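K.L.:
Residues in the sequence shown are numbered from 18 upward in steps of one, following this note's numbering.
Think of the CB as a built atom: it goes at the ideal place given N, C-alpha and C, for glycine as much as any other residue.
Small disclaimer: the values here were computed from a predicted structure and weren't measured.
Here's a structure for you.
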Amino acid sequence: MHTHDQESPSNLDNFLASVASLKQASPAPRFDEGGQSLNRGVGVLCPKCQCELQIGELAGCQFAGCPSCQSMLFQQDVFAMLIQHLRASKKDSGIMPEPMDASQLQVRRICPTCTSLFETHAYGGPGNAVIDTCTTCAVVFLDQGELTKLANAPGRR
Ligand SMILES: [Zn+2]
Ligand SMILES: [Zn+2]
């Protein structure tokens with residue numbers, strides 16, 4: 018009787034401890050485009066949905082990703098490196114990307130780090146994507162799906 022009373026709470030403690038360690042061991046959430054979230058906010062809000070951007074990592078490159086709308090904010094040089102890496106590591110799908118959605122060029126968004134207007138323009142390489150850049154901050158902002166589109170587009174790799 019006395020032993021039983023002492024065992025129950027300690028079993029419960031053990032159980033709770035094992036649940037806590039399981040939680041810690043579980044992998045970090047992943048962004049839709051394949052990057053892993055480091056679960057750390059970067060202190061700036063998504064220009065699209067106002068959710069706080071989180072640090073993400075993809076192929077050794079860091080970016081700020083939106084956990085809600087899956088947009089991604091890159092430093093320009095990191096973005097160039099990542100696209101090159103992703104294109105080199107994927108085979109040419111042979112699938113022509115959909116034509117550029119010209120209405121996307123009319124969308125005006127604010128750079129979340131300096132609050133000036135993004136320049137919205139067609140991406141210079143294959144992929145027919147419309148991207149946002151801020152030359153002041155040297156960052157590139159991509160909507161959900163655009164990174165994949167650029168990485169998979171046929172063309173030189
Ligand atoms: Zn968002
Ligand atoms: Zn800026």
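Indicate, with yes or no, if ligand 1 has a heavy atom lying under 7 Å from the CB of residue 65.
P.N.:
Locating residue 65 in the sequence shown gives position 48, where the first residue counts as 1. Yes.
K.L.:
May I ask you to report which of helix, strand or coil DSSP gives residue 169?
P.N.:
Against the sequence shown, residue 169 aligns to sequence position 152. Note: residue 169 maps to helix in three-state DSSP.
K.L.:
Mark residue 122 as exposed unless 16 or more other C-beta atoms lie within 10 angstroms of its C-beta, in which case mark it buried.
P.N.:
For the purposes of this step, residue 122 is taken as the residue at position 105 of the sequence shown. Looking at its Cβ environment, which holds fewer than 16 other Cβ atoms inside 10 Å, residue 122 is exposed.
K.L.:
Which same chain residues end up closer than 7 Å to residue 98 when comparing Cβ atoms and leaving out the 5 residues on each side of it in sequence?
P.N.:
Position 81 of the sequence shown, counting from 1, holds the residue named residue 98. Only 78 meet the Cβ criterion.
K.L.:
Assuming residue 144 and residue 159 make a contact with CB atoms under 8 Å, what is their CB distance in whole Å?
P.N.:
Against the sequence shown, residue 144 aligns to sequence position 127. Against the sequence shown, residue 159 aligns to sequence position 142. The pair is not a contact, with the Cβ atoms about 11 Å apart (cut-off 8 Å).
K.L.:
So is the beta-carbon of residue 83 under 7 Å away from any non-hydrogen atom of ligand 1?
P.N.:
In the sequence shown, residue 83 corresponds to position 66, counting from 1. It does: the Cβ of residue 83 is within 7 Å (strictly closer) of some heavy atom of ligand 1.
K.L.:
Using a 10 Å radius around the Cβ and a threshold of 16 neighbouring Cβ atoms, would you call residue 163 buried or exposed?
P.N.:
Indexing the sequence shown from 1 puts residue 163 at position 146. Buried, by the Cβ-count rule.
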